[in-house]
Each structure stands twice: as C-alpha cells, then as structure tokens.
Amino acid sequence: MDARERLIVGLDVPTIGEAERLVSTLGDDILFYKIGYQLVFAGGLEFARDLAASGKKIFLDMKLLDIDNTVASGVENIAKMGMSMLTLHAYPKAMKAAVEAAKGSGLCLLGVTVLTSMDAEDLLEAGYQYDPKTLVARRAEQARAAGMGGIVCSAEESAAVSEIVGPDMAIVTPGIRPTGAEKGDQKRVMTPKDALKAGSTHLVVARPIVKAPEPREAARAILNEMVAALWPANR
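Under UniProt numbering, the residue at position 112 of the sequence shown is numbered 112, and the numbers go up by one with no gaps.
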C-alpha cells in the first residue's frame with residue numbers, strides 16, 4: 001500500500017454539500033474517506049455509494065452493536081453497498097455474527113476497542129474494570145478469534161495490538177494529530193509518523209484536514225510525513 005491507501009480522511013461535516021466540496025478540493029490526493037453518524041444522518045449513505053462508485057474507498061463508521069440477527073442483517077446490506085470498511089463494537093457475539101454475514105463480500109470488518117476520547121477514568125465511570133490498554137488487548141484477542149478484518153484503537157496501543165493480531169489484520173487509528181495541532185476532544189493521540197512506526201496500518205484524520213484553511217495542503221503535508229515514516233530513504 002502507498003500512503004494514499006493508508007490515510008483515511010474523516011468527512012466530519014454537517015451537509016452533503018460541504019462533503020462534496022471537500023472531496024473536490026482534495027481531488028486525487030485522497031483515495032479513502034470515513035463517513036460517520038453526522039454525515040450519514042444528512043443523506044450520507046447515498047453519498048457513500050456514489051463515492052464508492054466513483055472509485056473512492058469508503059470506511060463506514062457505524063460502530064454497530066445489537067442482537068446477533070440485527071447486526072448480521074445490517075452487515076449483509078452494507079456489504080452490498082460497495083463499502084471497503086465497516087466498524088462495530090468489539091463484542092464477541094456481535095463480531096461473530098458480522099463475520100458470518102460478510103463472508104465473500106470483501107468488506108473489511110473493524111472491531112472498535114476503546115474510543116480514543118476515553119481514558120482510564122472514563123472506563124471506570126462506564127463500569128469497566130480494565131484500564132484502556134488491558135481492555136484494548138482483550139478485545140483485540142477476541143476480534144482475531146472471531147475472524148475480523150481489523151481493529152480500531154489508539155495509536156498508543158498499536159504496538160501491543162500488532163503483537164496480538166499479526167500482520168494480516170488492519171490496525172486503524174483515529175486520534176491522529178500532526179505536531180502542534182490541537183487535541184480537541186481526543187485524549188489518546190499521536191502524530192502520523194509515530195503512529196505508523198508504532199504499527200498502525202491506517203490513519204484516520206478529520207479536523208486537522210477538514211478544518212484547515214487549505215485542506216489540500218494539510219492533507220499533502222500529512223501524506224509526506226507518512227511517506228517519510230514508511231520509506232525513510234525517500235525523504
């Protein structure tokens with residue numbers, strides 16, 4: 001994979017019109033886009049289909065979790081949409097149902113371990129007995145056992161997760177912030193270069209690109225940093 005296949009730009013904008021303008025601005029520099037709740041509930045599913053049909057890769061960030069049959073039914077329909085990646089919470093029964101439903105489709109299922117906006121105190125308040133690193137490791141093991149295509153975790157956990165899942169599963173990390181960028185509501189963050197060196201295979205970047213005065217230049221700067229991390233001889 002080249003850097004364009006590893007950088008996923010989050011289309012975290014409120015309208016399809018803004019998303020269309022951003023995709024047009026970024027042009028051929030960006031191949032992969034994430035579409036989550038905000039855009040989905042503004043007509044984003046049809047937009048996702050259109051982007052996929054145009055040759056872009058789409059990471060549909062729905063974080064599914066429900067009874068087995070409901071998860072399976074949803075995954076079956078999403079698999080028909082031409083999406084490249086889909087998230088669900090990394091609960092064993094949900095993952096097993098999703099994997100069975102996605103068989104033969106080419107859809108890469110990603111297990112969300114612990115949100116990058118959460119730290120140990122947040123997990124404790126939510127009723128979990130584990131700290132983030134321990135819970136991420138446990139869910140990574142369960143995702144591998146279920147046959148998932150990859151994991152979503154903080155780049156802080158990428159090295160440990162890569163030891164658990166091996167080279168055949170994707171490690172997708174949000175909370176990526178270029179040096180000097182604000183963290184926003186993220187608590188476990190890392191730079192693009194450090195995330196790749198830690199073992200992340202795909203980086204999700206939204207605000208540092210979407211909110212930049214010049215989004216294409218911001219995207220190119222991140223891609224250049226990724227290239228330098230992946231292939232130092234090319235610097």
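We treat Cβ as the ideally placed atom computed from N, Cα and C, and that holds for glycine.
| Asked | Found |
| --- | --- |
| Cutting at 7 Å between CB atoms, please list the residues of its own chain near L230, excluding the five before and the five after it. | A3, L196 |
| If you reduce the DSSP assignment to three classes, tell me which class G10 lands in. | strand |
| Give the DSSP-derived three-state secondary structure of A114 in the structure shown. | Going by the sequence as given, residue 114 is Val instead of Ala. DSSP places V114 in coil when its eight states are reduced to three. |
| Between the region 113-122 and the region 50-59, are three or more C-beta pairs nearer than 8 Å? | no |
| Need the endpoints of the alpha helix (DSSP H) that L230 sits in, please. | 215-230 |
| For my contact list, M148 and M118 are in at a C-beta cut-off of 8 Å; report their separation, rounded to the angstrom. | So it is not a contact: roughly 20 Å between Cβ atoms. |
| Taking only runs that begin and end inside the region 130-176, name each unbroken beta strand (DSSP E) of 3 or more residues, in chain order. | 150-152, 170-173 |
| Kindly indicate which three-state DSSP category I58 falls into: helix, strand or coil? | strand |
| What does a CB cutoff of less than 7 Å around residue 237 pick up in its chain, not counting 5 residues either side in sequence? | The structure shown does not extend to residue 237, since the chain is modelled only from 1 through 235, so no value can be given for it. |
| L31 bridges to which residues according to DSSP? | Bridge partners of L31: none, in fact. |
| Restricting to Cα atoms, I'd like to know which of P213, V172, K211, A218 is closest to A198. | V172 |
| Whose C-alpha, out of A140, M81, D29, is nearest the C-alpha of H89? | A140 |
| In three-state terms, what does DSSP make of T191? | coil |
| Given a cut-off of 8 Å, decide if S84 and A57 are closer than it, judged by their beta-carbon atoms. | The residue asked about is misnamed: residue 57 is Lys in this sequence, not Ala. Cβ atoms of K57 and S84: closer than 8 Å. |
| Suppose only complete runs of 4+ residues qualify. What are the alpha helix (DSSP H) ranges in the region 69-124, listed by chain order? | 92-102 |
| Out of curiosity, what's the CA-to-CA distance linking E225 and T15? | 30 Å |
| Start and end of the beta strand (DSSP E) containing L65? | Taken as a continuous stretch (DSSP letters only), L65 belongs to no beta strand (DSSP E), as it is neither H nor E. |
| May I have the straight-line CA-CA distance separating K211 from L7, to the nearest angstrom? | 16 Å |
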